[in-house]
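Colleague:
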Amino acid sequence: MSRRGWILFIAMSVVWGVPYLLIKVAVRDIGPAELVFLRTAIGALLLLPIALYRKELRESFRPWLPLLAYTVIEIGVPWLLLSHAEQKVDSSLTGLVIAGVPLAAALIARERLSASRVAGLLTGLAGVGLLVGFHGGTGGAVPLLELLGVVVCYATGPLIIERWLADVPRYGVSTASLLLGALLFAPVAVPGLPSLARTVTPGPALAAVGLAVICTALAFVLFFALVAEVGGVRATVITFVNPAVAVVLGAAVLGEEITPLTVGAFALILAGSYLATRRRAAPAPAPDAEPAPVSS
1 MSRRGWILFI
11 AMSVVWGVPY
21 LLIKVAVRDI
31 GPAELVFLRT
41 AIGALLLLPI
51 ALYRKELRES
61 FRPWLPLLAY
71 TVIEIGVPWL
81 LLSHAEQKVD
91 SSLTGLVIAG
101 VPLAAALIAR
111 ERLSASRVAG
121 LLTGLAGVGL
131 LVGFHGGTGG
141 AVPLLELLGV
151 VVCYATGPLI
161 IERWLADVPR
171 YGVSTASLLL
181 GALLFAPVAV
191 PGLPSLARTV
201 TPGPALAAVG
211 LAVICTALAF
221 VLFFALVAEV
231 GGVRATVITF
241 VNPAVAVVLG
251 AAVLGEEITP
261 LTVGAFALIL
271 AGSYLATRRR
281 AAPAPAPDAE
291 PAPVSS
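With UniProt numbering as the guide, the letters of the sequence shown map in order to residues 1 to 296.
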């Protein structure tokens, strides 16, 4: 990997590892629906000039039904569940549970399961089960079920891209889905914004802005640059690094506890995800082949 590739990789690992910390801070003052609206609206406004310049936006709205499904499953539902769950659970736990996305993707895709994939699924699920079982009493069962719902959504969203939106330009899809997300949440969120503007404190306000600017708009730009630099297959390796960033930031900034059990569960999830998603050597993908970005 080139020096530029490593810089982009490290930047992406941080940018998609920090959302859980920012969400945890933001929901102190901002409701889940309002936070999702702010994130989608600001992110869309920042990406809109790029999509318009590249003339990708109009084409992205043509397959409107798959686009709507992608918006709901990859953005609307999981971002709302994340915001609600993090009112009760630590940001580090959130990041660790989300590390199970590759496991869920392997199951949902219903690909042929080799012995190593079966071993990977069992290992990863054991890690998730260990986390859920150990932390089940800290925030209640509902937040953990919400996080598992996020995992399923994040695993399903890219499959919609691959099946129905593969030929749609990526900046167009990203911008259009954020615009749709903002429209979906506007009726619920907008009426409460004047009151929120009077009561929100600086920390949560800055966290919400950072979530939209850094972890949404900038994240998409960096991800597509990373794909162009190192290829789609290598770019997806960030999936295995993001949770570690979330754990470190949660401990360093919020004082969240890292226990040996947490480390062990994380190791099981990582090992399981690697085994479950490992592929045999195959011809290199076409230079313009891009994987669907997984949100955070």
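Built from N, CA and C at the ideal position, the CB exists for glycine as well.
Identify whether Pro204 lies in helix, strand or coil by the three-state DSSP scheme.
Modeller: helix
Colleague: Excluding the 5 residues flanking Ser296 on each side, which residues of the same chain have their C-beta closer than 6 Å to its C-beta?
Modeller: Trp16 and Pro19
Colleague: Can you tell me the Cα-Cα spacing of Leu165 and Ala182, whole angstroms?
Modeller: 20 Å
Colleague: What's the C-alpha gap between Arg76 and Glu86?
Modeller: The residue asked about is misnamed: residue 76 is Gly in this sequence, not Arg. So the alpha carbons of these two residues sit roughly 16 Å apart.
Colleague: Would you report the Cα separation of Leu211 and Val118, rounded to the nearest angstrom?
Modeller: 36 Å
Colleague: Is DSSP giving Ser195 helix, strand or coil here?
Modeller: DSSP places Ser195 in helix when its eight states are reduced to three.
Colleague: Helix, strand or coil: which one does DSSP assign to Ala166?
Modeller: coil
Colleague: With Val245 and Val14 assumed to form a contact (beta carbons below 8 Å), what rounded beta-carbon distance in angstroms separates them?
Modeller: Correct: roughly 6 Å between the Cβ atoms.
Colleague: Compare the beta carbon distance of Tyr154 and Pro202 with 8 Å and say whether it is the shorter of the two.
Modeller: no
Colleague: Counting along the chain, where does the alpha helix (DSSP H) carrying Ala85 start and finish?
Modeller: Val77 to Ala85
Colleague: Does DSSP put Trp64 in a helix, a strand or coil?
Modeller: helix
Colleague: If Ala106 and Ala276 are in contact, beta carbons under 8 Å, what's the gap, nearest whole angstrom?
Modeller: 4 Å
Colleague: Can you say whether Glu257 is buried or exposed, counting buried as having 16 or more other CB atoms within 10 angstroms of its CB?
Modeller: Result: exposed.
Colleague: Can you confirm whether the stretch 55 to 68 touches the stretch 161 to 175 when touching is taken to mean that 3 or more C-beta pairs between the two stretches lie within less than 8 Å?
Modeller: yes
Colleague: With H, G and I counted as helix, E and B as strand and the rest as coil, what does DSSP make of Glu34?
Modeller: helix
Colleague: How is Thr259 classed by DSSP in three states: helix, strand or coil?
Modeller: coil
Colleague: Does Pro260 pass the burial test, meaning 16 or more other C-beta atoms within 10 Å, or should it be called exposed?
Modeller: exposed
Colleague: Apply the 10 Å Cβ neighbour rule to Ser116 and answer buried if 16 or more other Cβ atoms are within range, or exposed otherwise.
Modeller: Around the beta carbon of Ser116, fewer than 16 other beta carbons lie within 10 angstroms, which makes this residue exposed.
Colleague: In terms of residue numbering, what span does the alpha helix (DSSP H) encompassing residue 297 cover?
Modeller: Because the chain is modelled from 1 through 296, residue 297 falls outside the range shown and cannot be assessed.
Colleague: Of all the options Ala186, Leu46, Val97 and Ser174, which has the alpha carbon lying nearest to the alpha carbon of Glu34?
Modeller: Ala186
Colleague: Looking only at C-alpha atoms, which of Gly5, Trp6, Val27 and Arg4 sits nearest to Pro204?
Modeller: Val27
Colleague: What residue range is occupied by the uninterrupted alpha helix (DSSP H) comprising Lys24?
Modeller: Lys24 -> alpha helix (DSSP H) spans Pro19 to Ala26.
Colleague: With a threshold of 7 Å on Cβ separation, who are the neighbours of Leu57 within its own chain once the five nearest residues in sequence on each side are excluded?
Modeller: Ala51, Gly172, Thr175 and Ala176
Colleague: Considering only the alpha carbon of each residue, which of Val128, Gly255 and Leu178 lies closest to Thr216?
Modeller: Leu178
Colleague: Where does Arg55 land, buried or exposed, given buried means 16+ other C-beta within 10 angstroms?
Modeller: First, the amino acid is wrong: residue 55 is Lys here, not Arg. Exposed: under 16 other Cβ atoms inside 10 Å.
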